[in-house]
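Residue numbering for the sequence shown follows my numbering, beginning at 636 and increasing consecutively.
Structure first, then comments.
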Amino acid sequence: MSFATARAHLAAHGLADRVVEFDVSSATVELAAAAVGCPPERIAKTLAFEVDGGPILIVFAGDARVDNRGFKDQFAAKPRMIAGDRVESLVGHAPGGVCPFGAADGVPVYLDASLRRFDVVYPAAGSANSAVRLTIDELLDASGAVGWVDVSQRPSL
């Protein structure tokens, strides 16, 4: 159901025609990059964390890792990812398809600064075999993001 929810959410933003379903898994950054045909860093991975007893979603570039200090400074809490068996019930999407589109009511979405270096990225679309091609502005709008955070470490160039 979360694929249908995400697709309907994207349709409300005029973006449903960008959703692609694959015959192969896109559940990890590497698999998604292979399915889409793009570099892994352009996959916009959505990670689910628990902060103050509730879930939040943060969308990162595919090559970014969570910066513990930056996360703690931003959210006044240590980064604690939600256990895989609880993700769907808390955010509305199962692991492998977690995305910022059509998430459960009240789940705030943030975009990480690691995405700012790209014009186009590919987040999941609610299933472990889907993606959607979006500009950064479209991602910001369609995700309903609260705003930008800088809670990542990126590889040195």
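The beta carbon of each residue, even a glycine, is placed where N, CA and C say it ideally should be.
Just so we're clear, the structure is a prediction, and the values are computed from it rather than from any experiment.
Candidates the options, of which the one nearest residue i by Cα
i, options, result
"CYS673", "VAL786, TYR757, GLY779, LEU775", "TYR757"
"ALA598", "VAL655, ASP687, ARG721, ARG789", "Residue numbering for the chain in the displayed model covers 636 to 792; residue 598 lies beyond these limits and cannot be assessed."
"ASP698", "GLN709, THR681, PHE638, LYS713", "THR681"
"ALA760", "PHE736, ASP754, GLY782", "PHE736"
Cβ-based burial, residue i [other Cβ within 10 Å; buried from 16]
i, result
"ASN703", "exposed"
"PRO690", "buried"
"ARG642", "buried"
"GLY732", "buried"
Coil, strand or helix - residue i by DSSP
i, result
"ILE678", "strand"
"PHE695", "strand"
"THR663", "coil"
"ASP747", "strand"
"PHE710", "helix"
Whole-angstrom distance between residue j and residue i, CA atom to CA atom
i, j, result
"GLU656", "ALA766", "7 angstroms"
"HIS644", "LEU769", "14 angstroms"
"ALA679", "VAL654", "14 angstroms"
**Report entry** At least three beta-carbon pairs within less than 8 angstroms, the stretch 735 to 750 to the stretch 659 to 666
**Finding:** no
Query raised in the report: Do the stretch 714 to 722 and the stretch 763 to 773 make contact, defined as three or more Cβ pairs closer than 8 angstroms?
Result: no
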